[in-house]
Each structure stands twice: as structure tokens, then as C-alpha cells.
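K.L.:
Residue numbers (my numbering): 52 to 540.
As C-alpha cells, this is what we get:
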């Protein structure tokens with residue numbers, strides 16, 4: 052006589068509990084393609100700045116205005132780049148990434164088309180503001196995409212990939228701008244950007260799938276209308292039970308309310324987010340001041356020409372690119388190492404223990420060393436130029452500044468996304484607002500400060516400002532749950 056198999060309570064629980072759905076249904080190659088497009092579009096905001104700098108004198112001569120008036124176009128560009136992402140970032144969190152990307156690149160293309168043919172100062176000023184409005188929100192949109200498709204344990208590497216685009220601009224932009232302005236005329240700078248921006252917009256229309264989790268969930272919901280790519284092979288085809296394409300309405304949860312540009316200010320009331328934003332803004336200010344001072348100081352102190360001054364950006368830019376990739380991978384390694392020390396799996400760290408996992412420590416403990424390196428290298432950079440040491444010395448020191456600041460951008464940007472996954476584009480817009488406000492003030496006072504206290508003391512003060520972020524990072528890490536408390540007893 053056969054006996055019935057014994058069914059335990061654990062067996063019933065296994066049957067009753069369906070497996071947890073994957074975080075995203077996008078494949079690895081799809082995620083890499085999406086991040087490539089995000090990095091490509093993120094390049095335009097800094098590229099439009101750095102390619103403009105070498106042509107300032109040529110533009111002033113061509114429009115018969117002073118250099119100071121052309122510099123006003125730089126100031127207004129930066130002002131708009133601090134404000135517009137607050138609108139676009141919040142809109143992307145509400146109605147999806149793809150339509151906002153298309154809107155931003157369309158504005159950028161129109162602005163460059165106008166700049167390439169106009170010959171008036173008023174046209175330059177207005178169209179540069181429109182150019183900034185189109186390009187400035189792309190980086191915050193990229194952070195939103197990362198929060199949509201990347202899990203915590205891989206987020207560091209993907210932030211590194213995203214920042215490759217913006218970090219191409221510092222070494223390449225000034226060289227391109229100088230060559231185009233000298234050989235073809237300054238209008239060709241904007242024609243080049245028009246061609247590049249138009250190519251990017253076409254790629255977005257053809258092959259950028261919607262990633263917003265309020266529109267397509269983890270990628271399993273079908274996108275509709277403008278959220279769909281022109282090339283259907285890029286997206287998954289959703290089929291019904293009869294094998295036909297499913298035409299059921301997508302269960303979107305987006306809000307129909309208008310974007311709220313003040314939403315990013317609410318994040319300033321969250322203590323740990325505020326500290327991250329301030330640290331990020333301080334290091335960005337140092338980054339901008341080093342960049343702004345390079346050509347001027349090397350021309351005045353070492354007698355370099357305009358073309359040579361353009362090439363001195365290359366070591367700084369290469370250091371930034373190396374840091375972008377390597378520090379992203381280090382963040383993923385730190386995350387996995389902390390999970391291993393706590394005796395938990397990566398899946399547990401992401402799901403059951405996500406609130407208790409020491410995410411601030413995982414992102415910032417290696418960055419603490421970068422803050423120290425940045426402080427020392429920034430101060431030393433100023434003194435070596437003031438003492439007229441061999442040109443190789445400040446060039447080496449600026450690579451340390453570039454590597455450390457970029458690594459800190461990756462770490463702080465990843466942590467900001469971790470802390471605000473449901474409003475990541477809005478959080479990135481908040482970071483952009485703080486960065487632009489601090490850097491605009493610092494750049495306005497940079498030359499007067501160097502004239503008043505000297506190059507050495509000027510950059511010593513900036514180095515000390517960065518040094519203040521070290522105790523702030525330690526405080527952020529102290530907020531976390533101790534790793535020993537996570538270890539099973």
C-alpha cells in the first residue's frame with residue numbers, strides 16, 4: 052500500500068509565495084545601450100561651455116562688442132543651467148524620461164541652429180540661454196535612468212559610465228573650440244554642436260526606450276505613444292494569450308499635475324541629503340575654479356600661447372575619465388564587501404535589509420581618502436604656480452585634483468540616487484542647483500581673490516573648503532547601522 056507524501060508547512064509556503072519579480076527586465080546589453088545614450092546626451096552641457104571659451108575673443112570681435120559682454124553669455128548660461136533642471140527633473144519623475152529627453156534635445160538643436168547663423172549680440176545672449184535650457188537637464192535625467200534600471204550593487208559602475216560623457220568635455224572642448232574658431236570661424240562651433248546634437252536626437256527617437264518605473268514598471272509594462280521608440284526591436288513586444296500584440300492600456304501611475312520646480316528645494320530639509328548636496332557643491336566649485344584658472348594662469352605665469360593653453364586641459368581631463376570608470380567599479384566592490392562582512396547576500400541587502408544596510412558607508416568610506424588628497428593637491432597647485440616651479444609640477448597636481456574631485460562626484464552622486472530612488476532626477480536637479488550657485492559665486496570672485504591674496508593662498512582657501520567635507524563625510528557614515536549589528540548572531 053502506497054503512502055501519501057508528507058507535505059510540510061515549508062512546502063506550502065514555497066508553493067504559496069510566488070518568486071519576487073526582477074528589479075528590471077532590461078537585459079545587460081540594453082542597459083549598456085541606454086546608459087551610452089544617457090552619457091552621450093549628458094556630454095552636451097559641459098561641452099557647450101568648454102568649446103565656447105577659446106572663441107570668446109573671436110566672437111567679441113565678430114559682433115563688435117567687448118569681451119566682458121560676451122562673458123555675460125557665460126554667466127547667463129550658468130544661471131539657466133542651475134534653474135532649468137529643477138523643472139525638467141521633476142517633470143521626468145512624473146511623466147517619464149523619454150519625452151523630456153526629446154524636449155531637451157529639440158530645444159538644444161533649435162538653439163544651435165540659430166546660433167550658427169545669427170550675427171547680433173542680443174541673439175547670442177538669448178540663444179545661449181535656450182542652449183543651456185536644452186542641455187543642462189540631461190545629466191539629472193541620466194541619474195533618473197540609473198535609478199530606474201540599476202540595482203544598488205551595480206549602481207556605482209553605471210554612474211561611472213554616465214559621467215564619462217560630461218568628463219569628455221573638459222579635455223576635448225577647448226581644443227575643438229580653438230581649432231574651429233581659428234580655421235573655420237566661430238559660427239562653426241555652433242554648426243558642429245548642431246550636427247552632433249541632431250545626431251543624438253535622432254538616436255533618442257529611434258532607440259531610447261522609456262525606463263521610468265511609473266510608466267513601464269520594471270520594464271514589463273508596455274509603453275505607449277511618445278514613450279515608444281521608433282525602432283520596435285529595441286523594446287520588448289508584449290503578447291496576449293493568442294500570440295497577438297497586447298493592446299491593453301499600460302498601468303501607468305504618473306501624475307497629471309504640472310511639474311513643480313520647487314520640489315527640489317524640499318530635499319534641502321532632509322539632513323543627510325543636504326550634507327551630500329553641499330559636499331558635492333563644494334567639490335564642484337573647486338573643480339570649476341581649477342578649470343577656469345588653467346589657461347589664464349599658464350598664459351600669464353608660463354608664457355603659453357592660446358593653442359598651448361588649450362592642450363593643458365588634457366592631463367586634467369584624462370585623470371577625470373580614469374577616475375570616472377575606476378571609482379564606479381570601486382563603489383560596487385565596496386558595496387559587495389560590506390554585504391559579505393555582514394554575512395548577507397546582495398539580494399538581501401537590496402530587499403529585506405535595504406533600510407538597515409549601511410549604504411552611506413559603502414559609498415563614502417573610500418571617498419574619505421579622496422577628500423584628503425583633494426585638499427592637499429589643491430593648495431599645492433596654487434603655491435607651485437606662484438613659485439614658478441617647473442610646469443610639470445602643477446600639471447601633475449591638477450591631475451590629482453581632477454582624479455579626486457571626479458571620484459567624489461561618482462560617490463556622492465551614487466549616494467544621492469540611493470537616498471532618493473523615487474525622485475532621482477529631482478535630487479540630481481537639486482545637486483545641480485547647489486553646484487551652480489556655489490560655483491558661480493566662486494568664479495565671480497576667483498580673479499579678485501587671486502589679485503588680493505595671491506595664487507597660493509587663494510587655492511589654499513579652496514583646499515581648506517574641501518577639507519571641511521571630511522568631517523561631514525564622517526558624520527554621514529556615523530548615521531549608518533554598524534556592520535557588526537547586521538551580522539547574524
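Beta carbons are placed, not taken as given, at the ideal position from N, Cα and C, and that holds for glycine.
Note that this is a predicted model, so its numbers are computed, not measured.
If you draw a straight line from the C-alpha of residue 443 to the C-alpha of residue 172, how long is it?
P.N.:
Cα to Cα, the separation comes out at about 40 Å.
K.L.:
Under the three-state reduction of DSSP, which class applies to residue 224: helix, strand or coil?
P.N.:
Residue 224: helix per DSSP, three-state reduction.
K.L.:
Quick check: residue 169 and residue 176, are their CB atoms within less than 8 Å of each other?
P.N.:
The answer is no: Cβ separation not under 8 Å.
K.L.:
So residue 155 packs on residue 189, CB below 8 Å; how close in whole Å?
P.N.:
Residue 155 to residue 189, Cβ: 6 Å. Contact.
K.L.:
If you draw a straight line from the alpha carbon of residue 165 to that of residue 520, how long is it in whole angstroms?
P.N.:
The alpha-carbon atoms of residue 165 and residue 520 are separated by roughly 42 Å.
K.L.:
Rounded to the nearest angstrom, what separates residue 440 and residue 134 at their Cα positions?
P.N.:
So the alpha carbons of these two residues sit roughly 41 Å apart.
K.L.:
Would residue 413 be called buried (16 or more neighbouring beta carbons within 10 Å of its own) or exposed?
P.N.:
Looking at its Cβ environment, which holds 16 or more other Cβ atoms inside 10 Å, residue 413 is buried.
K.L.:
Assuming contact is defined by CB atoms lying nearer than 8 Å, are residue 232 and residue 109 in contact in what I supplied?
P.N.:
Yes; because the gap between Cβ atoms is below 8 Å, this pair is in contact.
K.L.:
Starting from the Cα of residue 423, find the closest Cα among 113, 458, 262, 313 and give me that residue.
P.N.:
With distances taken between Cα atoms, residue 423 lies closest to 458.
K.L.:
I'd like the list of long-range same chain contacts for residue 470, defined as Cβ closer than 6 Å, with 5 residues on each side in sequence excluded.
P.N.:
Correct list, in chain order: 324.
K.L.:
Would you mind working out which of 229, 365, 370, 204 sits nearest residue 390, comparing C-alpha positions?
P.N.:
Checking every option, the nearest Cα to that of residue 390 belongs to 204.
K.L.:
On the three-state DSSP scale, how would you describe residue 281?
P.N.:
Three-state result, residue 281: coil.
K.L.:
Helix, strand or coil: which one does DSSP assign to residue 296?
P.N.:
Because residue 296 sits at a pLDDT of 44, beneath the cut-off of 50, its placement in the model cannot be relied upon, and the following sentence gives the value as read from the coordinates. Of the three classes helix, strand and coil, the one that applies to residue 296 here is strand, per DSSP.
K.L.:
Does the contact criterion of 3 or more C-beta pairs under 8 Å hold for the segment 91-108 versus the segment 213-220?
P.N.:
These segments touch.
K.L.:
Please list the terminal residues of the continuous alpha helix (DSSP H) segment that includes residue 152.
P.N.:
Unbroken alpha helix (DSSP H) run through residue 152: 148-166.
K.L.:
Which same chain residues, not among the five before or five after residue 542, have their C-beta less than 8 Å away from its C-beta?
P.N.:
Only positions 52 to 540 of the chain appear in the structure, and residue 542 is not among them; the question remains open.
K.L.:
Do you know whose CA, among 87, 262, 254, 238, lies nearest residue 143's CA?
P.N.:
Answer by Cα proximity: 262.
K.L.:
Roughly how many angstroms separate the alpha carbons of residue 350 and residue 445, rounded to a whole number?
P.N.:
About 14 Å.
K.L.:
Are there 16 or more other CB atoms within 10 angstroms of the CB of residue 273, so buried, or fewer, so exposed?
P.N.:
Answer is buried; the Cβ neighbour count reaches 16.
K.L.:
From the DSSP output, in three-state form, read off residue 204 for me.
P.N.:
Helix.
K.L.:
Smallest Cα separation from residue 251: which of 206, 198, 160, 330?
P.N.:
For residue 251, the nearest C-alpha among the options comes from 160.
K.L.:
How is the alpha helix (DSSP H) around residue 351 delimited, first residue to last?
P.N.:
First-last of the alpha helix (DSSP H) with residue 351: 322-353.
K.L.:
Closest to residue 315 by CA distance: which of 480, 226, 451, 119 is it?
P.N.:
Of 480, 226, 451, 119, the residue nearest in Cα terms is 480.
K.L.:
Measuring CA to CA, which of 367, 474, 433, 255 is closest to residue 224?
P.N.:
Measuring from the Cα of residue 224, the nearest candidate turns out to be 367.
K.L.:
Measuring only the C-alpha atoms, how far is residue 410 from residue 485?
P.N.:
Rounded to the nearest angstrom, the two C-alpha atoms are 23 Å apart.
K.L.:
Beta carbon of residue 89, beta carbon of residue 131: below 8 Å?
P.N.:
It is not a contact, given that the beta carbons lie outside the stated cut-off.
K.L.:
Hey, is the segment 75-89 in contact with the segment 227-246, meaning 3+ C-beta pairs nearer than 8 Å?
P.N.:
Because the criterion of three Cβ pairs below 8 Å is not met, the segment 75-89 and the segment 227-246 do not touch.
K.L.:
Going by C-alpha distance, which of 162, 336, 148 is nearest residue 267?
P.N.:
Nearest C-alpha to residue 267: 148.
K.L.:
Can you tell me whether residue 79 is buried or exposed? The criterion is at least 16 other CB atoms within 10 Å of its CB, across all chains shown.
P.N.:
Label assigned to residue 79: exposed.
K.L.:
If we call anything under 8 Å between Cβ atoms a contact, is residue 501 one with residue 416?
P.N.:
Contact flag unset, no.
K.L.:
Secondary structure at residue 94, three-state DSSP: helix, strand or coil?
P.N.:
Note: residue 94 maps to coil in three-state DSSP.
K.L.:
With DSSP run on the structure shown, which of helix, strand or coil describes residue 237?
P.N.:
The answer is coil: DSSP assigns residue 237 none of H, G, I, E or B.
K.L.:
For residue 439, which three-state DSSP category applies?
P.N.:
In this structure, residue 439 counts as coil in the three-state DSSP scheme.
K.L.:
Only counting the same chain, and skipping five residues up and downstream in sequence, which positions put a Cβ closer than 7 Å to that of residue 438?
P.N.:
Nothing meets the Cβ criterion.
K.L.:
Distance check for residue 192 and residue 522, CA to CA, integer angstroms please.
P.N.:
If you take the alpha carbons of residue 522 and residue 192, they lie about 30 Å apart.
K.L.:
Per DSSP, what kind of secondary structure is residue 531 in: helix, strand or coil?
P.N.:
Correct three-state label for residue 531: coil.
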